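Here the structure is laid out as structure tokens; the discussion comes afterwards.
4 protein chains.
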Amino acid sequence: MRAMSAFDSVIATTFGSMSPHMKRVGFEIISLIDGVCLARLPYRPEFVGDITTGVLHGGIVTTLLDTTGGAAVLSALDSPVALATLDLRIDYLRPSVPGRSLVARVECFKKTRNIAFTRGIAYDEQESDPVAAMAATYMLHTQIARAPSQP
Amino acid sequence: MRAMSAFDSVIATTFGSMSPHMKRVGFEIISLIDGVCLARLPYRPEFVGDITTGVLHGGIVTTLLDTTGGAAVLSALDSPVALATLDLRIDYLRPSVPGRSLVARVECFKKTRNIAFTRGIAYDEQESDPVAAMAATYMLHTQIARAPSQP
Amino acid sequence: MRAMSAFDSVIATTFGSMSPHMKRVGFEIISLIDGVCLARLPYRPEFVGDITTGVLHGGIVTTLLDTTGGAAVLSALDSPVALATLDLRIDYLRPSVPGRSLVARVECFKKTRNIAFTRGIAYDEQESDPVAAMAATYMLHTQIARAPSQP
Amino acid sequence: MRAMSAFDSVIATTFGSMSPHMKRVGFEIISLIDGVCLARLPYRPEFVGDITTGVLHGGIVTTLLDTTGGAAVLSALDSPVALATLDLRIDYLRPSVPGRSLVARVECFKKTRNIAFTRGIAYDEQESDPVAAMAATYMLHTQIARAPSQP
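Those protein sequences? They're chains A, B, C and D, same order as listed.
The working numbering applies: residue 1 is where the first sequence begins, and numbers increase by one.
The working numbering applies: residue 1001 is where the second sequence begins, and numbers increase by one.
The working numbering applies: residue 2001 is where the third sequence begins, and numbers increase by one.
The working numbering applies: residue 3001 is where the fourth sequence begins, and numbers increase by one.
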């Protein structure tokens, strides 16, 4: 496994801490290398969407994927810029397993002057059995920083 | 404005309360009539995505839209069934205004035997100037209830 | 019904004719007013996706919606610019009826400096019973003109 | 490279031929193994979206991806079933190169009782530099066969 660059380390350390919502939910970047971000949310009873099953609320899954994608995009750029999620698609593949933390792996696989493209998955046990899949685009150089991917 | 039916009233009253995450974030259904749901989240400092601007985190916007869509689908059906968000697309149109609560309006405009289709918007001031637009499909009669739209 | 402006009339007349594919498939703009485009494709045996049913191929439905959206965006702008479809989501709601021409209605409901947002439907009989729903974003001021929405 | 199974070979041979639209545009399956389909469309002047650049129309790219996804899903199943595209998202990454045929690679990475999930790309030169990315879901066991993925 490659080590994070100095730039990626700064992003990984500061990204979650600038967003009250990300701090509140316990968002944590595990690794961030060359446009690929691995990040995690803990399992918490307050994230449950259905009290009878203990399954996570879909909004939690989407929040993790959206934020992880923003970090992946920043890592893929040469210098820090303002960015904002432009649009995002989530496919929910199966219910999450109660009690397990949720991990997202998102890569920025293409960037143009103004747009970055990402795709990723969220899983709770094995990467080969994901809970959700995502595709999202992020706008670069936004004048007013927007929240989703701008912690 | 038409009154809610008895079935819609029951959904509106119980929908948010079965989900710990929805209770935690303060989700509230304003009205639910014939497959159209209007719902609200309060503005809270803990929902902020960017501490320098006070703008809401995109995940909060998506969570509201996903849940409002689930309620709209239930209202469009003749009897309660288990349902789960299958996939969802969000377009972020502009940053939210700090301090304003967020309102979503989602309609279920088509249902087949197994799938319900919805579209909606989220806004913080005027419905004509939305913060985000969404399109989502929900799977009906799911065997294991999943979280996003199954409170 | 309002009349088309001179600018809209020019777009409506020239839009389809600059694209060999649109000419080939018989794309025709019915009306184009203030960012809302109504356009049509004829039913042709060569567009059929399933020989046993006569139902149109989904790619034909998407092609009509994508192109109609491009025209709607142009109409919403003050002056002609290069544009390209950035991403597009289609929900297929039901099979089309064999023998019926396909009509799309797409509106550009939001534009920023670089991005235009659209939503629309395609139908073959009544607008209230659509065949497909779409949401798409278009990039404005593209340096190299791309095909989908660049007639 | 593994060989196609007998079931995959039958699909690969018959898939395009049942759809007049796919025959018309020259759709051809290159390989189909275990839920992964590689397919091709030739470059033809009639597919051009912009006469000034020779770039393919976006609808052609989408048509190829949608159909390739349908074949991938069939290959992932144990026995032939009726299927229909439910929804599809395309991200357009760059203009295609005039004169080059278009290749799509789509994998079915998850199937449930009623839904199959796919993702893929289209490219004209190198798989590492795609023209478009897609994510699509297909409905299985549809009662009335629909066109997009029902050859």
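For every residue, glycine included, the Cβ atom is placed at its ideal position computed from N, Cα and C.
The model shown is predicted, which means the values in this text are computed figures rather than measured ones.
{"query": "Can you pull the chain D residues whose beta carbon is under 8 Å from the beta carbon of Val2048/C, in chain order?", "result": "Ser3019, Pro3020, His3021 and Ala3147"}
{"query": "Would you report the Cα separation of Arg40/A and Ser101/A, rounded to the nearest angstrom?", "result": "7 Å"}
{"query": "Short of 8 Å Cβ to Cβ, which residues in the segment 3056 to 3090 of chain D face chain B?", "result": "Leu3086, Asp3087 and Arg3089"}
{"query": "With DSSP collapsed to three states, give me the class of Glu3107/D.", "result": "strand"}
{"query": "If contact means a Cβ-Cβ distance below 9 Å, which residues of the segment 1095 to 1122 of chain B contact chain D?", "result": "Thr1112, Arg1113, Asn1114, Ile1115 and Phe1117"}
{"query": "The beta strand (DSSP E) with Ile1030/B in it runs from where to where?", "result": "Glu1028 to Ile1033"}
{"query": "Reducing DSSP to helix, strand and coil, say where Phe2117/C ends up.", "result": "strand"}
{"query": "Applying the 10 Å Cβ sphere with the 16-neighbour rule, what's the burial state of Ala1135/B?", "result": "buried"}
{"query": "Kindly list, in the order they appear in chain A, the residues whose Cβ is closer than 7 Å to that of Leu3093/D.", "result": "Lys110 and Phe117"}
{"query": "For the segment 3 to 91 of chain A, which segments carrying the alpha helix (DSSP H) assignment without a break, of at least 4 residues, lie completely within its bounds, in sequence order?", "result": "6 to 14, 20 to 25 and 58 to 76"}
{"query": "Return the Cβ separation of Glu2059/C and Gly2120/C in integer angstroms, given the expectation that the two are a contact with Cβ distance under 8 Å.", "result": "The residue you asked about is not Glu; residue 2059/C is Gly in the sequence shown. In fact, because the Cβ distance is near 17 Å, the residues do not count as touching under 8 Å."}
{"query": "If I'm right that Arg89/A touches Asp1087/B with Cβ under 8 Å, what's the distance once you round it to whole angstroms?", "result": "7 Å"}
{"query": "Between which residues of its own chain and Arg3146/D is the CB-CB distance below 6 Å, once the five residues before and five after are set aside?", "result": "Bear in mind that a pLDDT of 45 at Arg3146/D, under 50, signals an unreliable position, so the model cannot answer this."}
{"query": "Please decide whether Arg40/A counts as near chain B, where near means a Cβ-Cβ distance under 8 Å.", "result": "no"}
{"query": "Would you report the Cα separation of Val1106/B and Phe27/A, rounded to the nearest angstrom?", "result": "29 Å"}
{"query": "Out of Gly16/A, Phe47/A and Ser19/A, which has the shortest C-alpha to C-alpha gap to Arg1024/B?", "result": "Phe47/A"}
{"query": "Please report the distance separating the alpha-carbon of Ala2132/C from that of Cys1108/B.", "result": "14 Å"}
{"query": "Tell me which residues share the same chain as Met3139/D and place their Cβ nearer than 6 Å to its Cβ, disregarding the 5 neighbours each side in the sequence.", "result": "Ala3084 and Leu3086"}
{"query": "Measuring CB to CB, does Ser3019/D end up less than 8 Å from Ile2029/C?", "result": "no"}
{"query": "Find the residues of chain B that neighbour Pro130/A, judging by a C-beta separation of less than 8 Å, and give them in chain order.", "result": "The premise fails here: Pro130/A is roughly 13 Å from chain B at the closest Cβ pair, so nothing lies under 8 Å."}
{"query": "Can you give me the start and stop residues for the beta strand (DSSP E) that Leu140/A sits inside?", "result": "Ala132 to Leu140"}
{"query": "Rounding to the nearest angstrom, what Cα-Cα distance links Val55/A and Lys1110/B in this structure?", "result": "27 Å"}
{"query": "For Thr137/A, decide whether its Cβ has a neighbour in chain D, counting only Cβ atoms nearer than 8 Å.", "result": "yes"}
{"query": "Assuming contact is defined by CB atoms lying nearer than 8 Å, are Ala2082/C and His2141/C in contact in what I supplied?", "result": "yes"}
{"query": "Measuring alpha carbon to alpha carbon, tell me which of Gly16/A, Met4/A and Leu64/A ends up nearest Ser31/A.", "result": "Met4/A"}
{"query": "Can you tell me which of the three DSSP states Gln150/A falls into?", "result": "With a pLDDT of 39 at Gln150/A, under the threshold of 50, the predicted position of this residue should be treated as unreliable, and no value is reported."}
{"query": "In three-state DSSP terms, what is Leu102/A?", "result": "strand"}
{"query": "Could you give the distance in angstroms between the alpha-carbon of Val3169/D and the alpha-carbon of Ser2075/C?", "result": "Nothing can be reported for residue 3169/D: it is not among the residues displayed for chain D, which extend from 3001 to 3151."}
{"query": "Is there at least one Cβ from chain B nearer than 8 Å to Ala2003/C's Cβ?", "result": "no"}
{"query": "Is Ala122/A closer than 8 Å to Leu65/A when the C-beta atoms are compared?", "result": "yes"}
{"query": "Are any of the Cβ atoms in chain A nearer than 8 Å to that of Ile1051/B?", "result": "yes"}
{"query": "Measuring straight from C-alpha to C-alpha, what distance separates Tyr3092/D and Thr1013/B?", "result": "43 Å"}
{"query": "Hey, Pro2098/C and Thr2053/C: beta-carbon distance below 8 Å or not?", "result": "yes"}
{"query": "Between the C-alpha atoms of Ser3096/D and Pro1080/B, what's the straight-line distance to the nearest angstrom?", "result": "48 Å"}
{"query": "With a cut-off of 8 Å, does the C-beta of Ile3060/D fall near any C-beta of chain F?", "result": "The chain labelled as chain F is not found among the protein chains of the depicted structure, namely A, B, C and D."}
{"query": "Assign Ile3144/D to one of three DSSP states: helix, strand, or coil.", "result": "Its pLDDT being 45, under 50, Ile3144/D is placed unreliably by the model, and the measurement read from it follows with that caveat. Reduced to three states, the DSSP call for Ile3144/D is coil."}
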